[in-house]
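Trainee:
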Amino acid sequence: AIRVTQSPASLGASLRDTVSITCRASQSVSSELAWYQQQPGKAPKLLIHAASTLQSGVPSQFRGSGSGTDFTLTISGLQTEDVRTYYCQQ
1 AIRVTQSPAS LGASLRDTVS ITCRASQSVS SELAWYQQQP GKAPKLLIHA ASTLQSGVPS
61 QFRGSGSGTD FTLTISGLQT EDVRTYYCQQ
């Protein structure tokens, strides 16, 4: 089985900052990685699929990059509504 590890578990940031979250797979997953945003009591929202493809309707302040084993979600110009839980999934 492929294990996916995300870091950091939590981070401190200020509004308008640029923040990055990384995901590392135990073996290559090519570009088969998605990023989700979750807020309490709601279904996860798909932000990015295929490592870097923005889901329709998701603002361009979200950017996904990487391939193989190492992936990054970058959020530019952090806004109040972006203070959520984010996770990656292979």
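All residue numbers for the sequence shown refer to full-length UniProt numbering, where the first residue is 1 and numbers rise by one.
Glycine is no exception: its CB is placed at the ideal position from the N, C-alpha and C atoms.
The model shown is predicted, which means the values in this text are computed figures rather than measured ones.
Tell me which same chain residues have a C-beta within less than 6 Å of the C-beta of residue 63, skipping the five on either side of it?
Mentor: If we look at residue 63 and ignore the five residues flanking it on each side, its Cβ neighbours are 74.
Trainee: Going by the DSSP bridge assignment, what does residue 29 pair with across the sheet?
Mentor: DSSP, once it has assigned bridges, lists no residue as partnering residue 29.
Trainee: Contact between the stretch 66 to 73 and the stretch 29 to 43: three or more CB pairs below 8 Å?
Mentor: The stretch 66 to 73 is in contact with the stretch 29 to 43.
Trainee: For chain D, is any of its Cβ atoms less than 7 Å away from the one on residue 85?
Mentor: Included in the structure is just one protein chain, with no chain D present.
Trainee: Are the beta-carbon atoms belonging to residue 84 and residue 55 less than 7 Å from one another?
Mentor: Not a contact, by the Cβ cut-off of 7 Å.
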